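*Asks:*
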Amino acid sequence: VHALMACADAVQQDNLKVAEALVKQIRLLAASQAGAMRKVATFFAEALAQRIYGLRPPESPLDSSLSDILQMHFYEACPYLKFAHFTANQAILEAFAGKSRVHVIDFSMKQGLQWPALMQALALRPGGPPAFRLTGIGPPQPDNTDPLQQVGWKLAQLAETIHIEFEYRGFVANSLADLEPYMLDVRPGDVEAVAVNSVFELHPLLARPGAIDKVLAT
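If you read the sequence shown in the numbering used here, its first letter stands for residue 14, the second for the next number, and so on.
#1: Cβ of Ala19 within 7 Å of Cβ of Val36?
#2: Taking only the alpha-carbon atoms, compute the straight-line gap between Leu94 and Leu192 and give it to the nearest angstrom.
#3: What's the gap between the Cα of Pro130 and the Cα of Val185?
#4: Would Lys30 be called buried (16 or more neighbouring beta carbons within 10 Å of its own) or exposed?
#5: What would DSSP say about Ile177, mapped onto helix, strand or coil?
#6: Just how far apart, CA to CA, sit Ile105 and Ala208?
#7: Enumerate in chain order the residues of its own chain whose CB-to-CB distance from Gln162 is below 7 Å, with the five nearest sequence positions on each side excluded.
#8: Suppose contacts are defined by Cβ-Cβ distances below 7 Å. Is Glu205 in contact with Val117 by that definition?
#9: Less than 8 Å between the CB atoms is what I'm expecting for Leu61 and Ala21, so what's the real figure, rounded?
#10: Between the C-alpha atoms of Ala190 and Phe120, what's the straight-line distance to the nearest angstrom?
#11: Quick check on Pro153: buried or exposed, where buried means 16 or more other Cβ atoms within 10 Å of its Cβ?
#12: Measure the Cβ-Cβ separation of Gly151 and Met122 and say whether it is below 7 Å.
#13: Check for me: the alpha helix (DSSP H) holding Ala104 runs from which residue to which?
#14: Phe145: which of Lys167, Thr158, Phe109, Val164 sits nearest, CA to CA?
#15: Suppose you measure from the CA of Ala136 to the CA of Leu41; what does that come to, to the nearest Å?
#16: Below 7 Å CB to CB, which residues in the same chain sit around Ser211 once its five sequence neighbours on both sides are set aside?
#17: If you follow the beta strand (DSSP E) that Gln208 is in, where does it begin and where does it stop?
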């Protein structure tokens, strides 16, 4: 999973040297797997290789959202990411028990696939749902589109349907290490409970000395 997402990010950023090395690594890892995981990894490795070696035309929609498309298909085809989201949501629900106002900061927003299930669980909470605030962070897009706002709009529609007071803010960051505390608008603990969610986002910071400590301090 780490290698697939890292390779997709490298392709999206036109870092083809790194992407090519990662594709080779993915193929080796896929050969050691069995069953569905092997098929999924092989499929995505071939899709990435086609993009790297120019077998797709430049006007292909994959140019602007390759990473998002890969993640959507991976999410549907493989249970590992769904399980990560499920366990994270369960921990968040337990932390938010009895709280009237809650705030989730998502370092890996992407398509927001994790949050409809949490929102529906909050809506069914005995005593009624809390006010739910979501801050989504994502990387800039090569074509300057703003998918984070599209995700927020869809989640706002869901919130209206299930009668949850909802507030959303999405913003772009080149790296999590660029975040500053004021950007997250964290309110005092007696006002709202806060949970920070990060799925496969901290490991790229290992190459930057002190970056992980800075993010955790934020």
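Virtual Cβ for every residue (Gly too), placed ideally from N, Cα, C.
Since the structure is predicted, the reported quantities are computational estimates derived from the model, not experimental observations.
*Replies:* The short version:
#1: Here the question's residue 19 lines up with position 6 in the sequence shown. Here the question's residue 36 lines up with position 23 in the sequence shown. No. Outside cutoff.
#2: Here the question's residue 94 lines up with position 81 in the sequence shown. Here the question's residue 192 lines up with position 179 in the sequence shown. If I take the Cα positions, the gap works out to 25 Å.
#3: Locating residue 130 in the sequence shown gives position 117, counting from the first residue. Locating residue 185 in the sequence shown gives position 172, counting from the first residue. First, the amino acid is wrong: residue 130 is Ala here, not Pro. Those two C-alpha atoms are separated by around 24 Å.
#4: Residue 30 sits at position 17 when you count from the first residue of the sequence shown. Its Cβ having fewer than 16 others within 10 Å, Lys30 is exposed.
#5: If you number the sequence shown from 1, residue 177 lands on position 164. Residue state, collapsed to three classes: coil.
#6: Here residue 105 refers to the residue found at position 92 when the sequence shown is read from its first residue. Here residue 208 refers to the residue found at position 195 when the sequence shown is read from its first residue. When rounded, the distance between both Cα atoms is 7 Å.
#7: In the sequence shown, residue 162 corresponds to position 149, counting from 1. The answer, listed in chain order, is Gly183.
#8: Translated into the one-based positions of the sequence shown, residue 205 becomes position 192. Translated into the one-based positions of the sequence shown, residue 117 becomes position 104. No, the Cβ-Cβ distance between Glu205 and Val117 is not below 7 Å.
#9: Residue numbering aside, residue 61 sits at position 48 when the sequence shown is read from its first letter. Residue numbering aside, residue 21 sits at position 8 when the sequence shown is read from its first letter. Indeed, because the Cβ distance is near 7 Å, the residues count as touching under 8 Å.
#10: Here residue 190 corresponds to residue number 177 of the sequence shown, with the count starting at 1. Here residue 120 corresponds to residue number 107 of the sequence shown, with the count starting at 1. If I take the Cα positions, the gap works out to 11 Å.
#11: For the purposes of this step, residue 153 is taken as the residue at position 140 of the sequence shown. By the neighbour-count rule (16 or more Cβ atoms within 10 Å), Pro153 is not buried but exposed.
#12: By 1-based counting over the sequence shown, the position of residue 151 is 138. By 1-based counting over the sequence shown, the position of residue 122 is 109. Yes, the pair counts as a contact, with Cβ atoms nearer than the cut-off.
#13: One-based indexing of the sequence shown puts residue 104 at position 91. Here the alpha helix (DSSP H) through Ala104 covers 92-108.
#14: Walking along the sequence shown from the start, residue 145 turns up at place 132. Of the listed residues, the one whose Cα sits closest to Phe145 is Phe109.
#15: If you number the sequence shown from 1, residue 136 lands on position 123. If you number the sequence shown from 1, residue 41 lands on position 28. Roughly 44 Å separates the two Cα atoms.
#16: Translated into the one-based positions of the sequence shown, residue 211 becomes position 198. Phe120, Ser121.
#17: Your numbering for residue 208 matches position 195 in the sequence shown. Residue identity check: residue 208 is Ala in the sequence provided, not Gln. Here the beta strand (DSSP E) through Ala208 covers 206-210.
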